[in-house]
Each structure stands twice: as structure tokens, then as C-alpha cells.
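Following: one structure in C-alpha cells, then a few remarks.
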Amino acid sequence: MTEELNQLLAKVELFTELSPDELAAVASVANTRSVAKDTVIFHGGDAADAVYVIASGKVKVVTTSTDGKEFILTVLGAGQVFGEMALVEEAPRSASVVTLTAVELLAIKREDFHHLLNTSPGISRSLLAILSRRLRRANSKMESLAYMDVAGRLARYLLDLARDHGQKMGKGWIVVRRPTHSDIAHSIGTSRETVSRLINEFEEGFGLVNKGKFTYIRENLLE
Ligand code: CMP
């Protein structure tokens, strides 16, 4: 196993419980793949043949309504896994996955993934925790769509973004690069124009401020 792959696998949420030998078994069946920005990796409804780990870059998980409107279920980044649902359920892909940046992936074929699940119980435990976290997040999203106005949904979206992808700046602030206003709109069920207007209305006094492509958030808002 190369040192680079070793370091990468150790940071992957799915493999945190694995021993060095088990990590070596994963490394021996993982194939690297580079994908350009704005590429569809697969469509919802496709047959599934692999699970993917993101080594670097970001992807969006999307569904499209019958009239062509996109809804972004989530954005996933380095160390996160996607494509596990169809393999676990033996069902077609539940959503499409599209790259938001250039992305480096590790692909593990269906048979290899099932073998790893059977031989390394740590993977199954991590997978349950990942699926449970995603369900919790999906519940929270349903709740905000049902009960919050657009400003509330945008604030919650930015807080989740900072929690998942933000970097500490010191002095109690976290910074995170925002997706495009169009992608944010497709995540919270509103228009791009509304997102652009609201983004400028958040003020430093609330602990959440937007400057250029970045959002700055007071760490204590994430507690
Ligand atoms: P799969 O159904 O194989 O293909 C689409 C993938 O998107 C799915 O597996 C999950 O990995 C991921 N996915 C689907 N819905 C969500 C969600 N609500 N939150 C996070 N990831 C999701």
C-alpha cells in the first residue's frame, strides 16, 4: 500500500474502525479515478456496480423533478462515501451524483465491497453510523422545509455547511466557501434571486456574515 493511499484511507469515514491489515485489504481492491468538474458520475435509476470514496473535491447528490427542476439532497467532500445505498439494498441508484469540482475518487466494485462487508465488521458498523447520520440530516432538512421561512432555511444551510466543510480561522470564527447561489437555491427550495438578496442581508452582529464567495460564522453558533 502506498503511503499516500494509506493516509487517505485512514481518514475515510467508512474505514475509521479498520486495522492496518483490513485497510490493506481495502487498498488492494480500490481503483483510483479522476473526474472533471460538472461530470455526471451516475444518474438516479441507473444499475449500480460500485461504491465510491471521495479522495479530493466535492460532488452534489441530486434528484430531478418531472418538470426538470433540480433538488440538491446534499454535498459530499473528501473522506465521504457515496453509492453505498444501491449496493446495500440491491436496488438502482437512488439519486444522481454530479461533480462540483475536479474530483479524485476511489471506486470499489460491488463484489469487493460485499466481501469487505462480510470480512470486516468495522465497515458495517461505520456504514450504519453514516446512514443514521444521513437520516438525521434528512429529517432536519424535511423539518426546515416544512416549518421555516426561506431566511431560516438559508441560515440553517450555512450553519450545516460550516459544520461539514468549514475551517477554523481563530478568534472564534469559521470560514467556508459557499456553493453558487443557484446550487444553494436548489438545496433549500427557493430561487437564485432570493438567495442572492438574503445573502447580503445577514449581518456580522448575528455571528453570520457573507463576504465575496465566503461565509464567516461564529463558532459558538455551531455548538
Ligand atoms: P446510491 O443510491 O447508490 O446512489 C446515490 C447516492 O447518493 C446514494 O447511494 C448515497 O450514497 C447518496 N445519497 C442519497 N441520498 C442522500 C442523502 N439524503 N444524504 C446523503 N447522501 C445521499
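The numbering of the sequence shown is the numbering used here, which starts it at 8 and goes up by one.
Even for Gly, the Cβ is constructed at its ideal location relative to N, Cα and C.
- Taking 7 Å as the cut-off, one finds at least one heavy atom of the ligand CMP near enough to the beta carbon of residue 55.
- One thing to note: residue 39 has its Cβ no nearer than 8 Å to the Cβ of residue 94.
- For residue 30, same chain residues with a beta-carbon under 8 Å away, outside a window of 5 residues either side, are 8, 13, 16, 17, 22 in chain order.
- Burial of residue 120 is indicated by the presence of at least 16 other C-beta atoms within 10 angstroms of its C-beta.
- Residue 90 is a Cβ neighbour of residue 57, given a cutoff of 8 Å.
- In this structure, the CA atom of residue 180 is about 6 Å from the CA atom of residue 224.
- Between residue 53 and residue 100 the beta-carbon gap is near 5 Å, inside 8 Å, which marks them as a contact.
- Taking the C-beta atoms as reference points, residue 185 is found no nearer than 8 Å to residue 213.
- In the DSSP assignment, residue 111 falls within the beta strand (DSSP E) that extends over 110 to 116.
- Excluding its 5 nearest sequence neighbours in each direction, residue 216 has C-beta neighbours in its own chain below 7 Å: 209, 210, 223, listed in chain order.
- Proximity to residue 164 across 196, 35, 227 peaks at 196, based on C-alpha coordinates.
- Contact check for residue 107 against residue 82 passes: the beta carbons are separated by less than 8 Å.
- Around residue 24, the same chain offers 129, 132, 133 as residues with beta carbons nearer than 7 Å, after the five sequence neighbours per side are excluded.
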